[in-house]
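Peer 1:
Okay, here's the thing in structure tokens:
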């Protein structure tokens, strides 16, 4: 705790008290805010439990995970007015969520349009994004076939990786099978093997045997 003289600023006397302290009227777990270092207390909301900063000017929150731990600190949203939404007149904002980064409409919740960011877009706006995501901007921007790569999140490994997709006749994207993962400080590509074209079955010509000549019947003498 930091104790400041009540006669401040005439008196600049301060005293630092070290130890573990609890918030008055609150008996739950305490977490230090990653933005302003103020205490964060556990609360319950529409979407479950979360940690809320006690500093009213900060308004920082962190979700409580199923494991009982606080979600990793999130980066501030990055406005990208150059990237226009398709379903509204809004533009995209790069957000940091529990399942990695994603693009969302700046008019949320009025427009709930979201999509995965392309690596090429992260490279284009590298000067705006956090250093935390530089490694994603360094990922391959396209696969061996020239398809643009997008950033995805694996719930199994809880890591982000890049992959490519192609459009189908029904408009839904289909994975190409190409992926790249960040392993030991570098990107490692997994290129799918091309399937050999199926050989057309050649019909064998059937040779018909000549019909056996019928023996002429002879009348008994």
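Numbering (this note's numbering), first residue to last: 4 to 224.
Even glycine gets a Cβ: it sits at the ideal position worked out from N, Cα and C.
May I have the straight-line CA-CA distance separating residue 145 from residue 91, to the nearest angstrom?
Peer 2: The alpha-carbon atoms of residue 145 and residue 91 are separated by roughly 28 Å.
Peer 1: By the DSSP assignment, the beta strand (DSSP E) with residue 226 in it spans what residues?
Peer 2: Residue 226 is absent from the model: the chain starts at 4 and stops at 224.
Peer 1: Which value, in whole angstroms, describes the spacing of the CA atoms of residue 85 and residue 170?
Peer 2: Their backbone Cα atoms lie some 23 Å apart in a straight line.
Peer 1: Under 6 Å Cβ to Cβ from residue 109, same chain only, skipping five residues before and after it: list those, please.
Peer 2: Around residue 109: 93, 94 and 96.
Peer 1: What do you reckon, are the CB atoms on residue 155 and residue 164 nearer than 8 Å?
Peer 2: Against a cut-off of 8 Å, the Cβ pair of residue 164 and residue 155 comes out as a contact.
Peer 1: Using 8 Å as the threshold, is the region 116 to 127 in touch with the region 96 to 107, meaning 3 or more CB pairs across them?
Peer 2: The region 116 to 127 vs the region 96 to 107: in contact.
Peer 1: With a Cβ-Cβ cutoff of 8 Å, do residue 98 and residue 80 count as a contact?
Peer 2: In contact: residue 98 and residue 80 (Cβ atoms closer than 8 Å).
Peer 1: Just to confirm my understanding: we take residue 123, look at its own chain, exclude 5 residues before and 5 after, and list those with CB closer than 7 Å. What are they?
Peer 2: Only 144 and 151 meet the Cβ criterion.
Peer 1: Anyone know if the C-beta pair for residue 228 and residue 37 falls short of 8 Å?
Peer 2: In the structure as shown, the chain begins at 4 and stops at 224. Residue 228 is therefore absent and cannot be evaluated.
Peer 1: Between which two residues does the alpha helix (DSSP H) harbouring residue 125 extend?
Peer 2: Its alpha helix (DSSP H) spans residues 122 to 127.
Peer 1: To the nearest angstrom, report how far apart residue 185 and residue 60 are at their CA atoms.
Peer 2: Distance between the alpha carbons of residue 185 and residue 60 is about 37 Å.
Peer 1: Work out the CA separation of residue 34 and residue 9 for me, nearest whole Å.
Peer 2: Distance between the alpha carbons of residue 9 and residue 34: 28 Å.
Peer 1: According to DSSP, what are the bridge partners of residue 65?
Peer 2: 54, per the DSSP bridge assignment.
Peer 1: Below 8 Å CB to CB, which residues in the same chain sit around residue 46 once its five sequence neighbours on both sides are set aside?
Peer 2: These residues qualify, in order along the chain: 52, 53, 54 and 55.
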